[in-house]
Amino acid sequence: MKCNYCGQAQQNKLSLKQIFSFTALVTEGMCQKCQAQFHLLCPEKSCQGCHRPSETQYCLDCQKWQQLYPDYDFHHDALYQYDQAMQEWMKAYKFQGAYHLKSSFALPLKKYFATKRSWFVVPIPVSQQRRIQRGFNQVEGLLDGAGIAYHLFLERIVDDLPQAQRTRQQRLTLKQPFQVSPKFKEKIKNCSILLVDDVYTTGRTLFHAADSIRKYQPKQVQSFSLAR
Amino acid sequence: MEYLWGRKVLKEECKGSFSVATQVFPAFQQLNHLKGKCFRCSTIIDKQRTMLPTGTYYCSNCIQLGRVTSDAYFYHLPEPPLQARAVLFNWQGNLTAGQQKVSAQLRQAVAKKAPHLIWAVTGAGKTEMLFATLHEKLQKGARIALASPRVDVCLELYPRIQAVFPKETIALLHGQQTAEYRYTKLVICTVHQLWRFYQAFDLLIVDEVDSFPFVNNRPLYYGVQQALKTSGSLVYLTATPTKELQVQIKKKLLGVSVLPARYHRRLLPVPNLMWCSHWQQVSHTHSLKKVLALIQRLIKQNKVLLFCPSIKLIKLLYEQLSTAFPQQSVEMVYGDDNARLEKVKAMRQEQVDLLITTTILERGVTFERVSVIVYGANHQVFSAAALVQIAGRVDRRWHYTEGEVWFLHSGRTQALNEAVQQIKHMNYLAKAEGLIDEV
């Protein structure tokens, strides 16, 4: 068993529970040493809207979003802090294109999505250009790696600069880049939709995506990202 | 065109247009329907594991140098034929008798194109022994690479070589290098960069062959083999050859020159051992007192390098020592440290009195006036080779500064004994060959 991130042989000691659970072990993920680099977000002391560590119920950014989208009761979940370690992982996975890292977070993702069984999982699409360049969509990769079924309801109509190359201001003034693919328009009605992205920074992308979906009267829309 | 001579690069890595004569290699050799072999680093890849949704797959081993996908191609142009030329050689130093012998042996071996190992003790002046051969080969128009597994070694080699060949342009290649690649006759690079060369060098010198990550790393070894022309000669340099290399020497597959003494004709400093129980717990009062007293004594004469087995211990020790020595500047440096290069530079300029570090500084660096302490020398990260290298940081300059080597341990390991024995053996050989001035 090799850790798929650091490449070193991992010696995970089996617990009694694992031995007697009689299910297949997940061997694709990261070793415990690598996992310890990433910091989980704690759900108690965080903003209701965007899951940022915050003392108040809604953080300042989310209060602005509430003004912008008064009829959207948004809620975002995230697993990890977007810190140095996560940035490095993202760099390896997204920008170097190390697709085999897709299963690094398989276990925590599985755990989270187990609580969202009845939801339609919708990954955020990337532009065609970057899809060809990288050879994959990073969000779909993460979901594939964790073995989670998803639906490609959204498509991107504007191909633009990657988000990472913009300033915060430029990102916030971006125009709506998404639309719901025509064949799925009827499916959305009265369904619960869970939008999934890799990183939540300003929230612009996810709010655009939610906006395009809410036109077709879903029951509720929430969002999820690996890092925040 | 020059850009591609002796190179092996992906389309994204090269700028400009290609001529028709460019040689093109597919990025992967298909071994069977499950496995493919990367042409850059020779790793055999499980296709299923790295299969992209587009159906192509890539090599996960050399991905830091840019992803090689199975539908990509490598571009290459053969080296032009050698042309003799004049090369300005600016070195006034003299070689000692021992160095001269090795230097002559090296020239012979390179002329015969036989692979050769220079086994010279730490601080013997290995680089100086290369100069004659380098100059001779450069004048013949040969292309030469000096490669090392460690960036620090490359960074230290570069100015020294540049000073000796002031009119030569030298390419310095490593992972953090931002300057663009240019064709040069002389290349100093990390061994990883050799993956980007193909049949390029007439002489390839690998410094510190026994160090991480080169040891037992087949892909890197392959990189060395294929960067060398079939008519080229390979030279290894080290102070502590591995068992495998020693076996090769015994089988006469590898020529060897041994230099057991340093150029300043003094014996290698033999490590002093000191019992230091419970070094794992830094605050263990009795042991800490011993360490502090030792540092107190050493720091009066020299700067002190303190080697630690783990980063956790470094941080703990740093806290203790920076409070215990408020007048001295205490620093710590380890592998993941962002300011690593700056801190080492400060140490070189003698701005730091006490540097706490891991094995990253075990080799390839020379500091003026240091004493060395190995804290927890019986930890498993300190192999015999590492300990010999660490002990070799002391007394490398011409002027004697009474630098000392101390191994603090809580039980002798085999590596510890081996290291001390090896140093003593080299001293014995040096005395026997008359390479030492008796004081």
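In the order they appear, the protein sequences are chains A and B.
Residues in the first sequence are numbered consecutively from -6, following my numbering.
Residues in the second sequence are numbered consecutively from 24, following my numbering.
Heads up, the beta-carbon is just placed ideally off N, CA and C, and yes, glycines get one too.
Does residue i come out as helix, strand or coil in the three-state DSSP assignment?
i, result
"I459 of chain B", "coil"
"I334 of chain B", "helix"
"D204 of chain A", "helix"
"V270 of chain B", "helix"
"H69 of chain A", "strand"
"A99 of chain A", "helix"
"M449 of chain B", "helix"
"F51 of chain B", "strand"
"Q41 of chain A", "coil"
"P242 of chain B", "helix"
"R355 of chain B", "Here residue 355 of chain B turns out to be Met, not Arg, going by the sequence shown. Three-state DSSP puts M355 of chain B in a strand."
"E48 of chain A", "coil"
"H402 of chain B", "coil"
"H158 of chain B", "helix"
"L7 of chain A", "coil"
"C61 of chain B", "strand"
"W302 of chain B", "coil"
"P292 of chain B", "coil"
"F31 of chain A", "coil"
"S14 of chain A", "coil"
"K31 of chain B", "coil"
"P175 of chain A", "helix"
"H144 of chain A", "coil"
"V411 of chain B", "helix"
"V395 of chain B", "strand"
"Y105 of chain A", "helix"
"F390 of chain B", "coil"
"V443 of chain B", "helix"
"Y80 of chain B", "strand"
Can you list the residues of chain A that residue i reaches, using a CB-CB cut of under 7 angstroms?
i, result
"T77 of chain B", "G128"
"T73 of chain B", "Y92, H93"
Which chain B residues are close to residue i, counting only those with a beta carbon under 8 angstroms from its beta carbon?
i, result
"A91 of chain A", "S83, I86, R90"
How far does the alpha helix (DSSP H) with residue i in it extend, from its first residue to its last?
i, result
"I181 of chain A", "It is not in any alpha helix (DSSP H) - I181 of chain A carries neither H nor E in the DSSP assignment."
"R127 of chain A", "121 to 127"
"L317 of chain B", "308 to 322"
"V367 of chain B", "363 to 371"
"A220 of chain A", "Looking at the DSSP string, A220 of chain A is not in any alpha helix (DSSP H); the run it does join, the beta strand (DSSP E), is 213 to 220."
"I67 of chain B", "Looking at the DSSP string, I67 of chain B is not in any alpha helix (DSSP H); the run it does join, the beta strand (DSSP E), is 67 to 69."
"V132 of chain A", "131 to 139"
"W58 of chain A", "53 to 61"
"W429 of chain B", "Note, W429 of chain B: premise wrong, no alpha helix (DSSP H); beta strand (DSSP E) at 428 to 432."
"L165 of chain A", "161 to 165"
Taking residue i and residue j to be in contact with their CB atoms under 8 angstroms, please state how far apart those CB atoms are, rounded to whole angstroms.
i, j, result
"W429 of chain B", "P242 of chain B", "That pair is no contact at about 38 angstroms."
"V115 of chain A", "Y92 of chain A", "Not a contact, Cβ separation roughly 21 angstroms."
"L344 of chain B", "V356 of chain B", "Between V356 of chain B and L344 of chain B the Cβ distance is about 14 angstroms, and since that is not below 8 angstroms, they are no contact."
"I141 of chain B", "S280 of chain B", "5 angstroms"
"Y98 of chain B", "A50 of chain B", "Y98 of chain B to A50 of chain B, Cβ: 11 angstroms. No contact."
"L291 of chain B", "M74 of chain B", "Not really, about 54 angstroms apart at Cβ, beyond 8 angstroms."
"F220 of chain B", "R30 of chain B", "6 angstroms"
"F224 of chain B", "A250 of chain B", "6 angstroms"
"H197 of chain B", "T207 of chain B", "Incorrect: roughly 15 angstroms between the Cβ atoms, too far for contact."
"Y193 of chain A", "S174 of chain A", "Not quite, the Cβ-Cβ distance comes to about 23 angstroms (not below 8 angstroms), so this is no contact."
"I150 of chain A", "L102 of chain A", "Going by Cβ atoms, the distance from I150 of chain A to L102 of chain A rounds to 28 angstroms, so no, they are not a contact pair."
"A107 of chain B", "Q162 of chain B", "6 angstroms"
"V327 of chain B", "S394 of chain B", "5 angstroms"
"K234 of chain A", "Q131 of chain A", "In the structure as shown, chain A begins at -6 and stops at 221. Residue 234 of chain A is therefore absent and cannot be evaluated."
Looking at the unbroken beta strand (DSSP E) that takes in residue i, where does it start and where does it end?
i, result
"Y96 of chain B", "96 to 99"
"A170 of chain B", "167 to 171"
"R183 of chain B", "Taken as a continuous stretch (DSSP letters only), R183 of chain B belongs to no beta strand (DSSP E), being part of the alpha helix (DSSP H) at 174 to 187."
"W298 of chain B", "295 to 298"
"R149 of chain A", "147 to 149"
"I193 of chain B", "193 to 196"
"W421 of chain B", "Premise fails: W421 of chain B is in no beta strand (DSSP E) and is neither H nor E."
"G278 of chain B", "278 to 282"
"P116 of chain A", "113 to 116"
* To do: Return the chain-ordered ranges of every alpha helix (DSSP H) run that is complete within the region 103 to 151 of chain B and spans a minimum of 4 residues.
  => 120 to 135
* **Segments of 4+ residues assigned as alpha helix (DSSP H) that fall wholly inside the region 209 to 267 of chain B** => 241 to 250
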